[in-house]
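Visitor: For reference, the structure I am asking about is given below.
Residue numbers (this note's numbering): -13 to 570.
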């Protein structure tokens, strides 16, 4: 069950790499050993930043500003303060918002040089460089930057101008990482091109084609060289060792510049090292936890979590935390399918989905049902929408209204569609044999009672990705992960993105919803925007383009030798803030 809301990935991306570090000779302190289900695909978040990658990236790469994981307020990290939004109505940057940022005087890269405005300018240029491989959505977002000015008297000061018609402009320029220009572009190739040129794709491409070193720069950025071999960020840890399919070790940076800012969790580095052990087998991971070879397991299934919590061997040695996660489960319906184009069929499937049973069977008890693509923790979540109840009678009624009946008495409903008799048969594609498949099997059993045949197929990772990529499915389980910034529904729900490679995987398209999404994106007034969110959720609820399930808990088990806090913010734990428990 895997899918990511693209903007939420974009705002919180990170990228940097270096191979020059002073070995940490401090033998004092303690280590934290963390279990990972798989090896990260890369440690450059501009390329990959899923849950596994994020568990490691968060200690190497930090953002200019970020949401405090414990009080959930947006706080400055390596900038001095969150900038004001200044409306510019005249001059060169008319019809933009201006944001003035100043990097902390203490903030430095691994080589001891200052983090400056030139690093941020380089980062934005790199994103806009057509030769650099990043997701198109990222490039489109940074095209909203319309101007950059660096203070001549202070290279730590930068002004960024953005379009006025985007709701998250401030987050775009603050809640992000920047890259060290000295490392990625030591020849300062991109400095030779002024920023305005990066807003003109045709002119930029012409210059890049002829500029010496530009192709080599892009090839290196796109290569594995910067994904695992050379990594450098602003964070309090550095990559010390990566043994494929075995472990990844991060070490605490000596004399880290951020250590003095004791009120900023992301700058803490209490453990001397963080060791991530890659253990794909669930049983092996639990055994390693029990034997003390790992200290943290995250993302444990509800059944395993409860069983271990009630096991005397575990409960005496570990703390069991299950905060609500910042993601929700749902079943994607392929609205391109003629059968699923009818919202009465989609609603019928929703009535045939026993979500309460799913929670009771696979959850821990802290899960929460959802009715829309907005996390219940958001202040604009539409709580007036009641979860659709499990009701086979209502499902049958909707299918009958839609013209489905069992004309040949074979137990499967049928209907004439485009002149052809069509049986109500759907395929549910799951990855592996985990929760996703179990959801499909339960839906299959209930749907059969209403005359719908659902064939549940289990695919390996590669097969699943190909099916998803080519949109060759009727139904599949997935999830959307959110962060604490306001939701931008454009990527998952707007008709602009229904193409084969678009981010709207369900293929759902609705003119009214498109209009509201565009108003949400262009509305600066928070009160007005929240009313639009409410309306957006109501329309999605009425259409039921997908089957909304529930928000799971993030099940985390931590050795009680540590004092540790968990959070709703992904990934749920922050090992750099751990302290030894003196009571143990």
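Glycine included, C-beta positions come from ideal geometry on N, C-alpha and C. The model shown is predicted, which means the values in this text are computed figures rather than measured ones.
Taking buried to mean at least 16 other C-beta atoms within 10 Å of its own C-beta, is residue 361 buried or exposed?
Guide: Buried: at least 16 other Cβ atoms inside 10 Å.
Visitor: Straight-line CA distance for residue 387 to residue 470?
Guide: So the two alpha carbons sit approximately 41 angstroms from each other.
Visitor: According to DSSP, what are the bridge partners of residue 575?
Guide: Because the chain in this structure spans residues -13 to 570, residue 575 falls outside the shown range and cannot be described.
Visitor: For residue 73, which beta-bridge partners are listed by DSSP?
Guide: For residue 73, which the question treats as bridged, DSSP gives the partners 83.
Visitor: How about residue 321 and residue 492: do their beta carbons lie closer than 7 angstroms?
Guide: Yes; because the gap between Cβ atoms is below 7 angstroms, this pair is in contact.
Visitor: Verify whether the separation of the beta carbon atoms of residue 380 and residue 316 is less than 7 angstroms.
Guide: No, the Cβ-Cβ distance between residue 380 and residue 316 is not below 7 angstroms.
Visitor: Look at the alpha carbon of residue 554 and the alpha carbon of residue 52, and state the distance between them as a whole number of angstroms.
Guide: Cα-Cα distance, rounded: 14 angstroms.
Visitor: Would the beta-carbon of residue 398 fall within 7 angstroms of that of residue 262?
Guide: No.
Visitor: Could you say if the region 289 to 305 and the region 19 to 28 meet the contact criterion of at least three C-beta pairs nearer than 8 angstroms?
Guide: No, the region 289 to 305 does not touch the region 19 to 28.
Visitor: Taking residue 456 as the reference, which of 474, 487 and 431 has the closest Cα?
Guide: Residue 487 is the option with its Cα nearest to residue 456.
Visitor: If we ignore side chains and look at the alpha-carbon of each, how far apart do residue 266 and residue 392 end up?
Guide: Cα to Cα, residue 266 sits roughly 46 angstroms from residue 392.
Visitor: Exposed or buried, what is residue 238 when buried is set at 16 or more other beta-carbons lying within 10 Å of its beta-carbon?
Guide: That one is buried.
Visitor: Nearest-angstrom Cα distance between residue 502 and residue 204?
Guide: The alpha-carbon atoms of residue 502 and residue 204 are separated by roughly 38 angstroms.
Visitor: I need the DSSP call for residue 594, collapsed to helix, strand or coil.
Guide: Because the chain here runs from -13 to 570, residue 594 falls outside it and cannot be looked at.
Visitor: Have a look at residue 207 and residue 507 and give me their C-alpha separation to the nearest angstrom.
Guide: Spanning the two alpha carbons is a distance of roughly 31 angstroms.
Visitor: Based on the DSSP output, what are the partners of residue 571 in its beta bridges?
Guide: This structure leaves residue 571 out entirely; the chain is present only between -13 and 570.
Visitor: Threshold first: 4 residues or longer. Then list the alpha helix (DSSP H) segments lying entirely within the region 309 to 342, N to C.
Guide: Entirely contained in the region 309 to 342, the alpha helix (DSSP H) runs reaching 4 residues are, in chain order, 329 to 337.
Visitor: Below 8 angstroms, how does it come out for the region 451 to 466 and the region 288 to 299: are there three or more Cβ pairs, yes or no?
Guide: With a cut-off of 8 angstroms, the region 288 to 299 and the region 451 to 466 do not count as touching, because too few Cβ pairs lie within range.
Visitor: Might you give, ordered along the chain, the residues of its own chain that have their beta carbon closer than 7 angstroms to the beta carbon of residue 264, omitting 5 neighbours on each side?
Guide: Within the same chain, residue 264 has close Cβ partners 22, 24, 25, 231, 232 and 233.
Visitor: To the nearest angstrom, report how far apart residue 357 and residue 552 are at their CA atoms.
Guide: If you take the alpha carbons of residue 357 and residue 552, they lie about 26 angstroms apart.
Visitor: Confirm, please, whether the CB-CB distance from residue 252 to residue 63 is below 7 angstroms.
Guide: Closer than 7 angstroms, so yes.
Visitor: Going along the chain, which residues of its own chain have a beta-carbon closer than 8 angstroms to the beta-carbon of residue 529, five neighbours each way excluded?
Guide: Within the same chain, residue 529 has close Cβ partners 329, 332, 494, 496 and 499.
Visitor: With DSSP run on the structure shown, which of helix, strand or coil describes residue 394?
Guide: Note: residue 394 maps to coil in three-state DSSP.
Visitor: What are the boundary residues of the alpha helix (DSSP H) that includes residue 46?
Guide: Unbroken alpha helix (DSSP H) run through residue 46: 37 to 46.
Visitor: Is it buried or exposed, residue 547, if we count other Cβ atoms within 10 angstroms and call 16 or more buried?
Guide: With 16 or more other Cβ atoms within 10 Å, it is buried.
Visitor: Between the C-alpha atoms of residue 312 and residue 353, what's the straight-line distance to the nearest angstrom?
Guide: In a straight line, the C-alpha of residue 312 is about 11 angstroms away from that of residue 353.
Visitor: Between the C-alpha atoms of residue 58 and residue 141, what's the straight-line distance to the nearest angstrom?
Guide: Rounded to the nearest angstrom, the two C-alpha atoms are 31 angstroms apart.
Visitor: Take the Cβ of residue 489 as the centre, count every other Cβ of all protein chains shown within 10 Å, and call the residue buried at 16 or more, exposed below.
Guide: With 16 or more other Cβ atoms within 10 Å, it is buried.
Visitor: Go to residue 364, then tell me how far its alpha helix (DSSP H) extends in each direction, as first and last residue.
Guide: It is not in any alpha helix (DSSP H) - residue 364 carries neither H nor E in the DSSP assignment.
Visitor: Which residues does DSSP pair with residue 51 in a beta bridge?
Guide: According to DSSP, residue 51 bridges with 62.
Visitor: Identify which residue in 481, 156 and 567 has its Cα closest to the Cα of residue 127.
Guide: Considering only alpha carbons, the answer is 156.
Visitor: Let me check one thing: in DSSP terms, what residues is residue 282 bridge-paired to?
Guide: DSSP output for residue 282 lists 20 and 544 as bridge partner(s).
Visitor: Which residue marks the beginning of the beta strand (DSSP E) containing residue 147, and which one marks its end?
Guide: From DSSP, the beta strand (DSSP E) with residue 147 extends over 143 to 149.
Visitor: Under 7 angstroms, do residue 175 and residue 200 count as touching if we go by C-beta distance?
Guide: The answer is yes: Cβ separation under 7 angstroms.
Visitor: Where does residue 189 land, buried or exposed, given buried means 16+ other C-beta within 10 angstroms?
Guide: Residue 189 comes out exposed.
Visitor: Between residue 220 and residue 96, what straight-line distance do the alpha-carbon atoms span, to the nearest angstrom?
Guide: Cα-Cα distance, rounded: 8 angstroms.
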